[in-house]
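Trainee:
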Amino acid sequence: MPFDILINGGGIAGPSLAFWLTRHGHAVTIVEQAPQLRTGGQAVDFRGPALTVLEKMGLLDRVKAAATQMGPLVLVDGQGKEVGRLPAEVISGEVEIHWGDLTRILYEAVCNDVNYRFGVRVTALDDDGDRVNVTFSDGSTGSYDLVIGADGLHSGTRRLVFGSEEQHVTQLGQCFGFFDIENRLWLDHCGMAYIDAGRTAALQAIDPDKPARASLFLSDPEVDFDYRDTEGNKRLFRQRYAGMGWEIPHILEGLAEAPEVYFDSIAQVHLDSYARGRVCLTGDAAWCASPRSGMGTTLALVGCYVLAHEMHTAGEDYAAAFARYQRLLAPYVARCQKTAIDALRTERVSSGRLAPLRNVALRMLRIPGVSKLVARQSLAVARSFSLPS
Ligand SMILES: Cc1cc2nc3c(=O)[nH]c(=O)nc-3n(C[C@H](O)[C@H](O)[C@H](O)COP(=O)(O)OP(=O)(O)OC[C@H]3O[C@@H](n4cnc5c(N)ncnc54)[C@H](O)[C@@H]3O)c2cc1C
613 MPFDILINGG GIAGPSLAFW LTRHGHAVTI VEQAPQLRTG GQAVDFRGPA
663 LTVLEKMGLL DRVKAAATQM GPLVLVDGQG KEVGRLPAEV ISGEVEIHWG
713 DLTRILYEAV CNDVNYRFGV RVTALDDDGD RVNVTFSDGS TGSYDLVIGA
763 DGLHSGTRRL VFGSEEQHVT QLGQCFGFFD IENRLWLDHC GMAYIDAGRT
813 AALQAIDPDK PARASLFLSD PEVDFDYRDT EGNKRLFRQR YAGMGWEIPH
863 ILEGLAEAPE VYFDSIAQVH LDSYARGRVC LTGDAAWCAS PRSGMGTTLA
913 LVGCYVLAHE MHTAGEDYAA AFARYQRLLA PYVARCQKTA IDALRTERVS
963 SGRLAPLRNV ALRMLRIPGV SKLVARQSLA VARSFSLPS
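Following the numbering used here, the numbering of the sequence shown begins with 613 at its first residue and continues without gaps.
This is how it looks when you write it as structure tokens:
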């Protein structure tokens, strides 16, 4: 029996899940709080089983056609002098694409089969055992067989059904801002980054005539950071990056003028169960591993494929499907979350007094074969999951 399903969140996981559910005959509504399709963001990449999922969706060629083809990330000191470089194969996964290009490809793949509602949020959820009764921010109401929360790290679905964000979100002591900026250095399929103790600034671009994408990371477990406070966060980054060399003064000017900045903290979500009754979570809402894992998009695509597959296999027994979905995915999620913790620890240890040692290690990546070996190792976790068939 097909279900009437509400998906809350139209980022990456929302349309990915809708793709499969509509093909399995379910009626799907997606609500997205943004007034229209969001673009922007930095690059995201696909690894291991995510490529198989894209292929099954028939989207791999479109994604490859929009791939950034990004080259290396050159690490510089405060004077702009190169101290090392990270080859593309180490930092860009197997296929890299801009976040906004991916949201557009996914949207176009499902928009004709899904009832999309932009500019709306879920404000109340009542699972009465037979249906989930939903109230929306515009005052309208609806009733669904199942509700899936695909509304990201700060999931409203999770807050309404599983409890406050503080109960389930672990902060990892770092926050970041992504924004577009004038490409003053005419970067072309490459990036540059300046890493100082607790602060990392990077510029990346694939076209010398188009804006570059800037990112600023700040490590400070004590910092008072609210991802929603755009002006306060602009001030925070300006203060903390004041007096730094390289391109930082220009990056700070760009930050001050940027109309849109994607600010957030590096955090992870830990839940005992991805589902309660007829409400289930997926993507960052369920297990956010953080951008430092490099696995957010891969996990979202793979997780949605598994959830839809288990729902299809279990038929009406959605509870069995939700349980099996969690059993299959949770160990993989844990491995991806550990990748982020390890990356942050390495960064902490190597960005202070040990920076010269780190630079020696980076120079070794130029030796043929060494970068391939490192890339293979970084893909090992991503590839440690087999899709159910
Ligand atoms: C604007 C934006 C830019 C991003 N840029 C990058 C990037 O450059 N690099 C990177 O690695 N990751 C980025 N991410 C995060 C990345 O997409 C996720 O880590 C990952 O792909 C998992 O996707 P998701 O769909 O679970 O979560 P998200 O991509 O975060 O999507 C969640 C969606 O739900 C919507 N939403 C949130 N709350 C509600 C609500 N209460 N009601 C309705 N809708 C809601 C959000 O607007 C968003 O569209 C970005 C996310 C966003 C929202």
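Idealized CB from N, CA, C, for every residue including glycine. Given the structure is predicted, the values throughout are model-derived calculations rather than measurements.
Under the assumption that T651 contacts G712 (Cβ atoms under 8 Å), give the Cβ distance between them as a whole number of angstroms.
Mentor: As a working note, residue 651 is residue 39 in the sequence shown. As a working note, residue 712 is residue 100 in the sequence shown. With 8 Å as the limit, T651 and G712 qualify as a contact, their Cβ atoms being about 3 Å apart.
Trainee: Could you tell me which whole beta strand (DSSP E) segments of length 3 or greater appear in the region 694-779?
Mentor: 694-698, 707-710, 727-730, 734-739, 744-748, 753-756 and 758-761, all fully within the region 694-779.
Trainee: Return the chain-ordered list of same chain residues with a C-beta closer than 7 Å to the C-beta of T747, the five sequence neighbours on each side being excluded.
Mentor: For the purposes of this step, residue 747 is taken as the residue at position 135 of the sequence shown. T735, A736 and T753.
Trainee: Identify which residue in P903, Y937 and A931 has its Cα closest to the Cα of C916.
Mentor: Working through the sequence shown from its first residue, we reach residue 916 at position 304. Of the listed residues, the one whose Cα sits closest to C916 is Y937.
Trainee: Quick one: what's C787 bridged to in DSSP?
Mentor: Residue numbering aside, residue 787 sits at position 175 when the sequence shown is read from its first letter. C787 is bridged to L830 and S877.
Trainee: Assuming H780 and Q681 form a contact by the criterion Cβ under 8 Å, report the distance between their Cβ atoms to the nearest whole angstrom.
Mentor: Taking the sequence shown and counting its residues from 1, the one referred to as residue 780 is at position 168. Taking the sequence shown and counting its residues from 1, the one referred to as residue 681 is at position 69. Not confirmed; about 37 Å, so no contact.
Trainee: Less than 7 Å separating the beta-carbons of C948 and L765?
Mentor: On the sequence shown, residue 948 is found 336 positions in, with the first residue counted as 1. On the sequence shown, residue 765 is found 153 positions in, with the first residue counted as 1. Contact flag unset, no.
Trainee: Check whether the Cβ of A809 sits closer than 6 Å to any heavy atom of ligand 1, and report yes or no.
Mentor: Position 197 of the sequence shown, counted from the first residue, corresponds to residue 809. False, no ligand heavy atom lies under 6 Å from that Cβ.
Trainee: Roughly how many angstroms separate the alpha carbons of G692 and H862, rounded to a whole number?
Mentor: As a first step, residue 692 is located in the sequence shown; it is residue number 80 there, counting from the start. As a first step, residue 862 is located in the sequence shown; it is residue number 250 there, counting from the start. Between G692 and H862, the C-alpha separation is close to 13 Å.
Trainee: For the region 890-899 against the region 758-772, do three or more pairs of beta-carbon atoms, one drawn from each stretch, fall closer than 8 Å, so that the two count as touching?
Mentor: Judged by Cβ distances under 8 Å, the region 890-899 makes contact with the region 758-772, as three or more pairs qualify.
Trainee: Looking at the structure shown, is G866 part of a helix, part of a strand, or coil, going by DSSP?
Mentor: For the purposes of this step, residue 866 is taken as the residue at position 254 of the sequence shown. In the structure shown, G866 sits in a helix (DSSP, three-state: H, G or I).
Trainee: Kindly examine ligand 1 and report whether one of its heavy atoms sits closer than 6 Å to the Cβ of N727.
Mentor: As a first step, residue 727 must be located in the sequence shown, where it is residue number 115. N727 Cβ: outside cutoff for every heavy atom of ligand 1.
Trainee: Report the partner residues of Q816 according to the DSSP bridge assignment.
Mentor: As a position in the sequence shown, residue 816 is number 204, starting the count at 1. For Q816, which the question treats as bridged, DSSP gives the partners G803 and R825.
Trainee: Pick out whichever of R850, V972 and Q989 has its Cα sitting closest to the Cα of R697.
Mentor: Numbered from 1 along the sequence shown, position 85 holds the residue referred to as residue 697. If we check each option's Cα against that of R697, V972 comes out closest.
Trainee: If contact is defined by three or more beta carbon pairs under 8 Å, each pair taking one atom from either stretch, is the region 790-800 in contact with the region 669-676?
Mentor: No, because fewer than three Cβ pairs between the region 669-676 and the region 790-800 fall closer than 8 Å, the two stretches do not touch.
Trainee: Where R995 and E708 are concerned, what is the direct C-alpha to C-alpha distance, given to the nearest angstrom?
Mentor: For this step, residue 995 is matched to residue 383 along the sequence shown. For this step, residue 708 is matched to residue 96 along the sequence shown. Going from the Cα of R995 to the Cα of E708 covers about 16 Å.
Trainee: With a threshold of 7 Å on Cβ separation, who are the neighbours of S902 within its own chain once the five nearest residues in sequence on each side are excluded?
Mentor: Against the sequence shown, residue 902 aligns to sequence position 290. Correct list, in chain order: L784, I878, A879, Q880 and A952.
Trainee: Report buried or exposed for H636, applying the criterion of at least 16 other Cβ atoms within 10 angstroms of its Cβ.
Mentor: In the sequence shown, residue 636 corresponds to position 24, counting from 1. Answer is exposed; the Cβ neighbour count stays below 16.
Trainee: Based on DSSP bridge pairs, tell me the residues matched to I793.
Mentor: By 1-based counting over the sequence shown, the position of residue 793 is 181. Paired residues: A824.
Trainee: Could you tell me whether the region 653-672 touches the region 904-922, using the rule of 3 or more Cβ pairs below 8 Å?
Mentor: In short, these stretches touch, since the Cβ pair count reaches three.
Trainee: Measure from the alpha carbon of F837 to the alpha carbon of each residue in C787, L797 and L956, then state which is nearest.
Mentor: Along the sequence shown, read from residue 1 onward, the residue named residue 837 stands at position 225. Here the closest residue by C-alpha is C787.
Trainee: What I want to know is whether the C-beta of P871 ends up closer than 6 Å to one or more non-hydrogen atoms of ligand 1.
Mentor: Taking the first residue of the sequence shown as position 1, residue 871 is located at position 259. Flag unset: Cβ of P871 not near ligand 1.
Trainee: Is S831 near G857, with beta carbons less than 7 Å apart?
Mentor: Taking the sequence shown and counting its residues from 1, the one referred to as residue 831 is at position 219. Taking the sequence shown and counting its residues from 1, the one referred to as residue 857 is at position 245. Result no, Cβ atoms of S831 and G857 do not sit closer than 7 Å.
Trainee: Hey, is E644 close to ligand 2, as in C-beta under 6 Å from one of its heavy atoms?
Mentor: Because ligand 2 does not appear in the structure shown, any question about it cannot be addressed here, the ligands present being ligand 1.
Trainee: Along the beta strand (DSSP E) that carries V835, what are the first and last residues, could you check?
Mentor: For the purposes of this step, residue 835 is identified with residue 223 of the sequence shown, where counting begins at 1. Taken as a continuous stretch (DSSP letters only), V835 belongs to no beta strand (DSSP E), as it is neither H nor E.
Trainee: Given this structure, state the Cα-to-Cα distance separating P823 from F774, to the nearest angstrom.
Mentor: Numbered from its first residue, the sequence shown carries residue 823 at position 211. Numbered from its first residue, the sequence shown carries residue 774 at position 162. In a straight line, the C-alpha of P823 is about 41 Å away from that of F774.
Trainee: Which residues share a DSSP beta bridge with L940?
Mentor: By 1-based counting over the sequence shown, the position of residue 940 is 328. Looking at the DSSP assignment, L940 forms no beta bridge with any residue, so it has no partner.
Trainee: Only counting the same chain, and skipping five residues up and downstream in sequence, which positions put a Cβ closer than 6 Å to that of W632?
Mentor: Taking the first residue of the sequence shown as position 1, residue 632 is located at position 20. Excluding sequence neighbours, W632 sits near A920.
Trainee: Tell me the residue span of the alpha helix (DSSP H) that contains L893.
Mentor: Within the sequence shown, numbered from 1, the residue matching residue 893 stands at position 281. No alpha helix (DSSP H) contains L893, which is instead part of the beta strand (DSSP E) from V891 to L893.
Trainee: Could you tell me whether any non-hydrogen atom of ligand 1 is closer than 6 Å to the CB of Q816?
Mentor: Here residue 816 corresponds to residue number 204 of the sequence shown, with the count starting at 1. Because no heavy atom of ligand 1 lies under 6 Å away, the Cβ of Q816 does not count as near it: no.
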